[in-house]
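Novice:
In the numbering used here, the protein residues as written are 3 to 140.
Next comes the structure, spelled out in structure tokens:
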């Protein structure tokens with residue numbers, strides 16, 4: 003391999019590294035930072051934050067889902083629910099606008115269990131319990 007080829011490869015690797023670095027610094031961010039940047043914070047308690055929007059719940063749901071792809075979603079007459087790796091976002095009606103809740107995974111499951119429990123599990127460590135007794139499915 004010639005010196006020129008090595009320099010071209012090194013430049014290409016450096017360029018890819020620079021793009022990744024710039025994306026990490028300026029792009030993306032998590033769903034929490036997106037909510038902070040795009041909605042009005044109403045209240046906070048630990049990792050649980052409530053935001054408000056003048057837009058209807060479906061429009062807010064589409065906006066958040068389009069900006070930060072969730073791992074899963076759940077639509078219910080009571081609201082719109084988005085599951086992320088460490089957070090649960092719930093969007094409910096609030097007068098003519100919306101209320102947006104974000105909780106860490108454990109608190110989100112506890113808060114929204116009636117709406118997401120049968121779909122996303124219970125959020126507890128008991129999900130991995132395989133039971134006792136004889137049987138071949140273990």
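By construction, the Cβ of each residue, glycine as well, lies at the ideal position given by its N, Cα and C atoms. Note that the structure is a prediction, hence the values are computed from the model and not measured.
What's the call for residue 15, buried or exposed, on a 16-neighbour Cβ count within 10 Å?
Specialist: If you number the chain shown from 1, residue 15 lands on position 13. Exposed, since its Cβ has fewer than 16 Cβ neighbours within 10 Å.
Novice: Helix, strand or coil: which one does DSSP assign to residue 38?
Specialist: Counting from 1 along the chain shown, the entry for residue 38 is found at position 36. Residue 38: helix per DSSP, three-state reduction.
Novice: So what does residue 83 bridge to, in DSSP terms?
Specialist: Your numbering for residue 83 matches position 81 in the chain shown. Answer is 76, 92.
Novice: Could you tell me if residue 77 is buried or exposed, where buried requires 16 or more neighbouring beta carbons within 10 angstroms of its beta carbon?
Specialist: Along the chain shown, read from residue 1 onward, the residue named residue 77 stands at position 75. When all chains shown are included, residue 77 counts as exposed.
Novice: What residue range does the alpha helix (DSSP H) around residue 109 cover?
Specialist: One-based indexing of the chain shown puts residue 109 at position 107. Segment 107-122, the alpha helix (DSSP H) holding residue 109.
Novice: Taking 7 angstroms as the cut-off, decide whether the C-beta atoms of residue 105 and residue 113 are in contact.
Specialist: In the chain shown, counting from the first residue as 1, residue 105 sits at position 103. In the chain shown, counting from the first residue as 1, residue 113 sits at position 111. In contact: residue 105 and residue 113 (Cβ atoms closer than 7 angstroms).
Novice: Alpha carbon to alpha carbon, how far is residue 38 from residue 24? Give it in angstroms, no decimals.
Specialist: Locating residue 24 in the chain shown gives position 22, where the first residue counts as 1. Locating residue 38 in the chain shown gives position 36, where the first residue counts as 1. Residue placement at residue 24 is poorly supported in this model, since its pLDDT is 49, which falls under 50; the coordinates are not used for a value here.
Novice: Assuming residue 54 is part of the beta strand (DSSP E), what are its boundary residues?
Specialist: The count along the chain shown starts at 1 and reaches residue 54 at position 52. Counting along the chain, the beta strand (DSSP E) containing residue 54 begins and ends at 50-55.
Novice: Mapping the DSSP letters down to three states, classify residue 101 as helix, strand or coil.
Specialist: Reading the chain shown from its first residue, position 99 is the one you call residue 101. Strand, per DSSP.
Novice: Keeping to the same chain, check which residues put their C-beta closer than 8 angstroms to that of residue 45; ignore five residues upstream and five downstream.
Specialist: Reading the chain shown from its first residue, position 43 is the one you call residue 45. Correct list, in chain order: 51, 52.
Novice: Going by the CB atoms, is the gap between residue 93 and residue 110 shorter than 7 angstroms?
Specialist: For this step, residue 110 is matched to residue 108 along the chain shown. For this step, residue 93 is matched to residue 91 along the chain shown. Contact: no.
Novice: With distance defined between alpha-carbon atoms, name the residue in 48, 59, 9, 47 nearest to residue 95.
Specialist: Position 93 of the chain shown holds residue 95. Closest option to residue 95, Cα to Cα, is 59.
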